[in-house]
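Protein chains in written order, with my numbering: chain A, 39 to 381; chain B, 51 to 217.
The C-beta atom is built at its ideal place from N, Cα and C for all residues, glycine as well.
Quick caveat: nothing in here was measured; it's all calculated off a predicted structure.
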């Protein structure tokens, strides 16, 4: 057996796991700071310098709070809900290429946990299983508001998955591969897919907002109508898991968007710099994380700028606008390749 | 690999039994979801990654969500299994036993069948599936997609509000 590879993969897996958790943790802090900036407030500034210890304080608070399971709730499913939400959120990062290859002692180590040849479909599978976390949790609470919230969440996610999948089909037509690593390598330098698939990118990012249940698509937890939506009955760390899963999803979907449309770990003018391959790989990873952080900022920016949709507007946008647009995008891309590349 | 096969098979059989044996519909649906996920694991053991993921997306991610949806909306969680008379029970046992006999006979025969095409571990990869569908089986594939479209249009017709009655 190839033990070095196993040890490397295990260490790398743990590192990615920790990075995901830390980024998600500090996204909560970032979100509050961004919100404060937009509303001309100061935001959290009590715990530590600039309030940097605020996420830790929040975490401790979540753990220390009393845990309540309603008497009428289905106890097993009530616990299962947040677990599924958290697990599926963490599983998606496996196929994302976090960097190129590192050469240590004459051996090449890929900075990707698993290069599946259907990587992008794997992301979709995990997203579609993630719906169960919200549905089961909302139903098991045995509360009308929670049930309404979970049904809204599920129907919203199913509706937007279709347009999302269709926008990806056009991208696959241009790349010719379902492997995320191949898609990134084809975008070497500045050949980013966003220049070739601008419409597809727009559709994808709108659907990504809807899939992560973020504003302006946060109807599942619309507090003016539904109290807390699907997590109305949750308290303590189970509520923490739901909230945290949302931030992890935001991080992962930013990573997927950066991989698919912004060239992943590719940097412009990297060939002209004449650096050694290991430095290029590390720089690329750093650049990839900068792209991800910018996209997370975009998520927050939009949340604190746009008002929430009404439910029928949401469904109209998904089915009557985004889906035909995505179909048009497929046909246009296909026609372009048919008339220019093949002939 | 053999261990994984037996583990997945055990999960599948147990969850499939739970689908029919649990009393609350919601537990049946959840057991069926577990069964489907284990089946996706079997596809991966056969190196059919594409089929595994499509199976997850279509069955686990879409169809079972709709099942769960219906059960939640209709609130079918109350146990509504009527008590059956002894005649029904006896006939059910006899029919089930006969069906089991047929199944055993069928599986006994399969040991003598040799597959027409030898198994290749490339068969479930996306390029192979695509080539097979669009070269060898193009006509059946297109015909079945027409069937799907007609089913979709039918569903839309059912779901459509009757505009004439509205006034």
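Coil, strand or helix - residue i by DSSP
i             : result
residue 186/B : helix
residue 124/B : helix
residue 148/A : strand
residue 72/B  : coil
residue 141/A : strand
residue 284/A : helix
residue 174/B : coil
residue 156/A : coil
residue 300/A : coil
residue 136/A : coil
residue 215/A : coil
residue 226/A : coil
residue 249/A : helix
residue 70/A  : helix
residue 164/B : coil
residue 342/A : coil
Backbone CA spacing between residue i and residue j [nearest angstrom]
i             : j             : result
residue 257/A : residue 265/A : 11 Å
residue 110/B : residue 247/A : 22 Å
residue 210/B : residue 113/B : 21 Å
residue 173/A : residue 285/A : 18 Å
residue 235/B : residue 153/B : Outside the displayed range of chain B (51 to 217) lies residue 235/B, so it cannot be described from this structure.
residue 272/A : residue 185/A : 13 Å
residue 127/A : residue 144/B : 48 Å
residue 269/A : residue 170/A : 13 Å
residue 223/A : residue 102/B : 25 Å
residue 355/A : residue 55/B  : 44 Å
residue 188/B : residue 199/B : 17 Å
residue 107/B : residue 162/A : 7 Å
residue 277/A : residue 120/A : 8 Å
residue 303/A : residue 89/A  : 31 Å
residue 209/A : residue 199/A : 15 Å
residue 107/A : residue 364/A : 43 Å
residue 121/B : residue 207/A : 32 Å
residue 64/A  : residue 183/A : 30 Å
residue 245/A : residue 142/B : 49 Å
residue 243/A : residue 91/A  : 31 Å
residue 75/B  : residue 117/B : 10 Å
Option in the options with minimal Cα separation from residue i
i             : options                       : result
residue 71/A  : 81/A, 151/A, 197/A and 328/A  : 81/A
residue 295/A : 75/A, 114/A and 328/A         : 328/A
residue 158/A : 317/A, 318/A, 341/A and 298/A : 298/A
residue 124/B : 219/A, 243/A and 177/A        : 177/A
residue 290/A : 191/A, 42/A, 304/A and 55/A   : 55/A
residue 193/A : 225/A, 46/A and 166/A         : 166/A
residue 73/A  : 365/A, 343/A, 332/A and 57/A  : 343/A
residue 315/A : 131/A, 139/A and 60/A         : 139/A
residue 125/A : 282/A, 346/A and 47/A         : 282/A
residue 220/A : 155/A, 180/A and 95/A         : 155/A
residue 105/A : 96/A, 94/A, 95/A and 117/A    : 117/A
residue 94/B  : 123/A, 160/A and 336/A        : 160/A
residue 85/A  : 334/A, 44/A and 67/A          : 67/A
residue 52/B  : 71/B, 65/B and 92/B           : 92/B
residue 62/A  : 76/A, 45/A, 96/A and 87/A     : 96/A
residue 48/A  : 152/A, 267/A, 101/A and 102/A : 152/A
residue 331/A : 231/A, 263/A, 45/A and 58/A   : 58/A
residue 76/A  : 379/A, 349/A, 341/A and 350/A : 341/A
Close beta carbons around residue i, own chain, < 7 Å, minus the five adjacent residues each side
i             : result
residue 353/A : 197
residue 323/A : 136, 137, 149 and 303
residue 345/A : 254
residue 173/B : 98
residue 325/A : 303 and 305
Sequence-distant residues of its chain with Cβ nearer than 8 Å to residue i (five each side left out)
i             : result
residue 211/A : 368, 371, 372 and 375
residue 144/A : none
residue 250/A : 284, 287, 288, 291 and 337
residue 203/A : 162
Residue i Cβ short of 7 Å to the ligand GDP heavy atom set
i             : result
residue 165/A : Of the ligands one can find in the structure shown there are none, so the ligand GDP has no counterpart to examine.
Sequence-distant residues of the same chain with beta carbon closer than 6 Å to residue i, five excluded per side
i             : result
residue 149/A : 136 and 137
residue 360/A : 201 and 241
residue 68/B  : 81
Cβ neighbour criterion (16 or more within 10 Å) applied to residue i
i             : result
residue 41/A  : exposed
residue 69/A  : buried
residue 339/A : exposed
residue 147/B : exposed
residue 78/A  : exposed
residue 146/A : exposed
residue 88/B  : buried
residue 86/B  : buried
residue 435/A : The displayed coordinates of chain A run from 39 to 381. Any statement about residue 435/A would go beyond what the structure contains.
residue 57/B  : exposed
residue 213/A : buried
Interface flag, residue i vs chain E, CB-CB below 8 Å
i             : result
residue 379/A : Among the chains of the structure shown, chain E does not appear; the protein chains present are A and B.
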